[in-house]
Structures are given as structure tokens and as C-alpha cells.
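Here is the structure we will look at, set down as C-alpha cells.
In this note's numbering, the protein residues as written are 77 to 353.
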């Protein structure tokens, strides 16, 4: 029999709320209050999420972020910074000891990313998994979509989606960005480069390595259409059924309390050795 997971369509939320809700879902699943969860959400305002271990100073242009109205938030997961703008974001929360989940992080990526693969296929996009050579990875880049990691999704040789994973309290949290369109100019204005020349060279190179959904479709699709396709994709790829879930008031209260953590400079700049001045 197919297992039934909860499906939470959160709609659009602030960067701090989006990260807080993922943490609350992790806590509730860890405590056995809810089954595994697939969550979809968007970002309003746009956000730039930095990896748990990433430093903000020297890599993120905070003045330009403020000018664009982009809010900074630190994720629980590792990796490099991601601009979350016109995209579908997914998160999966499932126990580490779930029988379908490999112990290896790399292999768990493969299992969970099958849902993303089938989502692209539901839109008619021939995506495939990346299996990068370690020597091809760029060291030092602050931008997540610069290079694919293991089992991230590629379309026509370009990175189409980025994911990150952490394991806490016996729970796997994997979440990721599925861009519908990309504003490359805005993206590169949010990062600090040694010079305009270096920045322009990086921007040109980026366009040859990353792609959004509407870059490859003849007819543009909406957030809602992408949502429907990837819900179908996760059910097919993970061989599960999904039951719509409405968060109870207690969960929403906990998310509101945690939202304050994700808004705080103490959390956002915790890797700087000092708070923002």
C-alpha cells in the first residue's frame, strides 16, 4: 500500500516565516504528532537565504538587498546563498529511520529528488540528475546556482533546481528552490565582487550554467501551474499519496514565535563573530 504524507500548501510567506514553519514541522514530526510532510511555498517579499555555516560579511551586498526590498534570512541547512523570488520552494520532512530513506545524505538526495524530476517531466521538461565531478566544483563562490551538487536537477546541461538538507532531532529536512523565472541582474547585484569586470564575467558565465522553468517552455506557466505539476511529481517520484493539511492554531503560534528568531540579527549574523553594525 502507498503511504500517505501530509501536503501543506503555505502560499506566499515572508522569508522569516518560511524558515520558521519548516522548523515547526520538523519539531512536530520529530515528536510524532504528524506523518512525513511535503510543503510548497513562495516568498513575499523576495528573500536571500544564506546557508547555516555561511558568512554574510564580504559576500552579500546588504545595501543592494535593502534597495531591492530583499530580506536576508539564514537557513537551518548548509550550502550557499539563494535568491528566492519567482519560484516554487519545496520542503520535505521525514524521519531518518523511515524505511525508504537511505542513511547516506547523498543517496537520500536521490530518493527525494525523484519527486522534483517527475515535477519537471509533468511540465514537459526533460530534466535529469546531475552527477558532478568534485574537481569541477567552484570553491569560494557564494552563489548556490553557480554549480550543481549531487542529484540536483539539470535541463539541457544547466542547473534547474537547488536543494539543501540537514538532519536534526531524527528528522531529515530537505528543501529547495525551483525557479520559474530568474532576474539575473538582481541576483548578481546582491553579491559582492572584487570589481564590475569580475561581476560581469561571472554573470555571463552564470547564464550558461543555470536555467528557470519559463526559459525552456514555449508557453510560460504560473506559480499555481508549477505547484500542481510538482505535487503530481512528488506523488509519482516518491510513490506516495498526499493528504492536504491545514496547520492548527497551536502550530501557527509556534511558527510566529520562531519567526522572531529568524528575523533577529543574532541568528542572521551568527557566523560573523559579531552582530551587524
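Glycine included, each C-beta is placed from N, C-alpha and C at the ideal position.
Residue i versus residue j: straight-line alpha-carbon distance, rounded
{"i": "residue 274", "j": "residue 281", "result": "11 angstroms"}
{"i": "residue 155", "j": "residue 320", "result": "30 angstroms"}
{"i": "residue 103", "j": "residue 112", "result": "12 angstroms"}
{"i": "residue 197", "j": "residue 272", "result": "38 angstroms"}
{"i": "residue 187", "j": "residue 267", "result": "32 angstroms"}
{"i": "residue 167", "j": "residue 284", "result": "27 angstroms"}
{"i": "residue 329", "j": "residue 279", "result": "41 angstroms"}
{"i": "residue 83", "j": "residue 150", "result": "24 angstroms"}
{"i": "residue 165", "j": "residue 116", "result": "6 angstroms"}
{"i": "residue 129", "j": "residue 347", "result": "7 angstroms"}
{"i": "residue 171", "j": "residue 276", "result": "43 angstroms"}
{"i": "residue 173", "j": "residue 143", "result": "45 angstroms"}
{"i": "residue 145", "j": "residue 108", "result": "38 angstroms"}
{"i": "residue 202", "j": "residue 249", "result": "26 angstroms"}
{"i": "residue 318", "j": "residue 87", "result": "17 angstroms"}
{"i": "residue 152", "j": "residue 297", "result": "30 angstroms"}
{"i": "residue 222", "j": "residue 286", "result": "Reliability fails at residue 222, whose pLDDT of 47 lies under 50, so the model's placement of it is uncertain and the value that follows must be treated cautiously. When rounded, the distance between both Cα atoms is 7 angstroms."}
{"i": "residue 106", "j": "residue 245", "result": "6 angstroms"}
{"i": "residue 78", "j": "residue 158", "result": "34 angstroms"}
{"i": "residue 315", "j": "residue 177", "result": "13 angstroms"}
{"i": "residue 138", "j": "residue 175", "result": "43 angstroms"}
{"i": "residue 340", "j": "residue 120", "result": "18 angstroms"}
{"i": "residue 234", "j": "residue 207", "result": "12 angstroms"}
{"i": "residue 333", "j": "residue 342", "result": "15 angstroms"}
{"i": "residue 247", "j": "residue 179", "result": "12 angstroms"}
{"i": "residue 162", "j": "residue 148", "result": "16 angstroms"}
{"i": "residue 183", "j": "residue 189", "result": "10 angstroms"}
{"i": "residue 401", "j": "residue 254", "result": "The structure shown has nothing for residue 401, since the chain only spans 77 to 353."}
{"i": "residue 322", "j": "residue 335", "result": "19 angstroms"}
{"i": "residue 131", "j": "residue 344", "result": "9 angstroms"}
{"i": "residue 80", "j": "residue 169", "result": "13 angstroms"}
{"i": "residue 363", "j": "residue 227", "result": "The requested residue 363 does not occur in the structure, where the chain is confined to residues 77 to 353."}
{"i": "residue 263", "j": "residue 326", "result": "36 angstroms"}
{"i": "residue 311", "j": "residue 290", "result": "23 angstroms"}
Member of the options whose CA lies at the smallest distance from the CA of residue i
{"i": "residue 256", "options": "277, 295, 278, 265", "result": "295"}
{"i": "residue 324", "options": "101, 144, 93", "result": "101"}
{"i": "residue 123", "options": "112, 90, 284, 96", "result": "90"}
{"i": "residue 260", "options": "328, 297, 252, 160", "result": "160"}
{"i": "residue 313", "options": "243, 345, 191, 334", "result": "191"}
{"i": "residue 99", "options": "242, 301, 342, 341", "result": "242"}
{"i": "residue 92", "options": "298, 108, 126, 81", "result": "126"}
{"i": "residue 94", "options": "286, 301, 252, 311", "result": "252"}
{"i": "residue 292", "options": "81, 258, 300", "result": "258"}
{"i": "residue 229", "options": "288, 270, 302", "result": "288"}
{"i": "residue 237", "options": "193, 110, 307", "result": "193"}
{"i": "residue 303", "options": "204, 270, 114", "result": "114"}
{"i": "residue 85", "options": "204, 110, 290, 300", "result": "300"}
Whole-Å CB distance - residue i paired with residue j, under 8 angstroms assumed
{"i": "residue 185", "j": "residue 239", "result": "7 angstroms"}
{"i": "residue 199", "j": "residue 305", "result": "5 angstroms"}
{"i": "residue 118", "j": "residue 195", "result": "Actually they do not touch by this definition, with Cβ atoms about 15 angstroms apart."}
{"i": "residue 140", "j": "residue 265", "result": "5 angstroms"}
{"i": "residue 338", "j": "residue 96", "result": "5 angstroms"}
Element boundaries [beta strand (DSSP E), containing residue i]
{"i": "residue 191", "result": "Counting along the chain, residue 191 falls outside any beta strand (DSSP E), though it belongs to the alpha helix (DSSP H) covering 181-198."}
{"i": "residue 96", "result": "Not the beta strand (DSSP E): residue 96 falls in the alpha helix (DSSP H), residues 91-106."}
{"i": "residue 317", "result": "316-320"}
{"i": "residue 344", "result": "Counting along the chain, residue 344 falls outside any beta strand (DSSP E), though it belongs to the alpha helix (DSSP H) covering 341-344."}
{"i": "residue 166", "result": "163-171"}
{"i": "residue 248", "result": "247-255"}
{"i": "residue 147", "result": "147-150"}
{"i": "residue 244", "result": "238-244"}
{"i": "residue 260", "result": "From DSSP, residue 260 is part of no beta strand (DSSP E) but of the alpha helix (DSSP H) over 260-265."}
{"i": "residue 174", "result": "Element bounds for residue 174: n/a, residue is neither H nor E."}
{"i": "residue 230", "result": "229-231"}
{"i": "residue 158", "result": "158-160"}
Start-to-end residues for the alpha helix (DSSP H) that takes in residue i
{"i": "residue 128", "result": "Segment: none, residue 128 is in no alpha helix (DSSP H) and carries neither H nor E."}
{"i": "residue 143", "result": "138-144"}
{"i": "residue 283", "result": "272-283"}
{"i": "residue 116", "result": "Looking at the DSSP string, residue 116 is not in any alpha helix (DSSP H); the run it does join, the beta strand (DSSP E), is 113-119."}
{"i": "residue 297", "result": "Careful: residue 297 lies outside any alpha helix (DSSP H) and carries neither H nor E."}
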